[in-house]
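Numbering (our numbering), first residue to last: 2 to 236.
For each residue, glycine too, the CB sits at the ideal point set by N, CA and C.
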């Protein structure tokens, strides 16, 4: 059942992180009216086509009657207050893309804030649009097209990224992106910084801005193990 006047549908795909989906849904339940998932577990190779998955999800959300779409990953959680703010954020009828402050977690309660770590923002809540206009070409692209008049706005809400909690995942993430983008064409700064902890500064999640449910890390890799030469399907 859709609870709000503007239908908000979350979209995500899962593969190596399939076991995280149940907690993601628990996090999303008070925020969105429904969700659509892309099961990518039969994919081969280290990383399947991001544009293909995005287009399929956008089309499915549009077919389901979404007015707004929230793009998220299984290893991400929105802060609790998003449930209270979502109706206001989606009450506008202009083409807005709302950004969330991406908090790279180094423990279930602490995130990194030094340098570029404190500046990350992801525009993931946007007015539904014709998927034919989707311009996504790689894994760093925006979810919405820049050619049809979207205005990017900061919601002030936090989006917590759990992948960086486990040190071996920081290195694996660096290795995966280096494998996918060896010349750093898609990101000038490169990817070494993902595993570099020099000068790290952390902040604890402020009271009232927690995410739910609490995260207990399993120490798994949650992605293809490039260093071990394992690029295929998850076990």
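Per DSSP, cross-strand counterpart(s) of residue i
i: residue 119; result: According to DSSP, which records beta bridges pairwise, residue 119 is partnered with nothing at all.
i: residue 99; result: 126, 154
i: residue 13; result: 38
i: residue 104; result: 161
i: residue 112; result: 106, 204
Selected residue, minimal CA-CA separation from residue i, among the options
i: residue 168; options: 204, 196, 52, 185; result: 196
i: residue 141; options: 227, 52, 100; result: 52
i: residue 135; options: 42, 110, 58; result: 58
i: residue 15; options: 75, 154, 47; result: 75
i: residue 123; options: 130, 103, 117; result: 103
i: residue 64; options: 200, 98, 133, 105; result: 133
i: residue 221; options: 174, 86, 156, 115; result: 174
i: residue 176; options: 151, 194, 23; result: 194
i: residue 210; options: 157, 217, 186; result: 157
i: residue 116; options: 93, 203, 212, 151; result: 203
i: residue 218; options: 164, 181, 43, 91; result: 164
i: residue 83; options: 146, 24, 45, 31; result: 31
i: residue 207; options: 112, 147, 181, 39; result: 112
Proximal residues to residue i (C-beta, below 6 Å), its chain only, five neighbours per side dropped
i: residue 179; result: 192
i: residue 67; result: 8, 10, 129
i: residue 144; result: 72
i: residue 297; result: Here the chain covers residues 2 to 236 and nothing more, so residue 297 does not appear.
i: residue 137; result: 52, 55
i: residue 114; result: 202, 204
Same chain only: Cβ atoms within 7 Å of residue i, ignoring 5 sequence neighbours per side
i: residue 11; result: 29, 33, 36, 71, 73
i: residue 49; result: 41
i: residue 162; result: 76, 77, 103, 104, 105, 106
i: residue 185; result: 191
i: residue 223; result: 17, 18, 76, 164, 170
i: residue 26; result: 36
i: residue 212; result: 28, 78, 79, 80, 81, 161
Nearest-angstrom beta carbon gap, residue j and residue i [assumed within contact, 8 Å]
i: residue 166; j: residue 215; result: Their Cβ separation, rounded to whole angstroms, is 12 Å, which puts residue 166 and residue 215 out of contact at 8 Å.
i: residue 153; j: residue 100; result: 6 Å
i: residue 47; j: residue 225; result: 4 Å
i: residue 79; j: residue 160; result: 6 Å
i: residue 155; j: residue 187; result: Actually they are not in contact, since the Cβ atoms of residue 155 and residue 187 sit about 24 Å apart, beyond 8 Å.
i: residue 151; j: residue 98; result: 5 Å
Beta-carbon contacts of residue i that lie in its chain and below 8 Å, excluding the five residues immediately before and after
i: residue 149; result: 96, 130, 134
i: residue 91; result: 5, 7, 9, 68, 69, 126
i: residue 189; result: none
Review point. Which runs of the alpha helix (DSSP H), 4 residues or longer, sit entirely within the stretch 125-196?
Key: 168-181
- Query: Can you list the beta strand (DSSP E) stretches of 3 or more residues lying completely in the stretch 42-84, in chain order?
  - Reply: 69-72, 77-79
For this session: Can you check the stretch 203-233 for any beta strand (DSSP E) of at least 3 residues that lies completely inside it and give the ranges in chain order?
Result: 203-205
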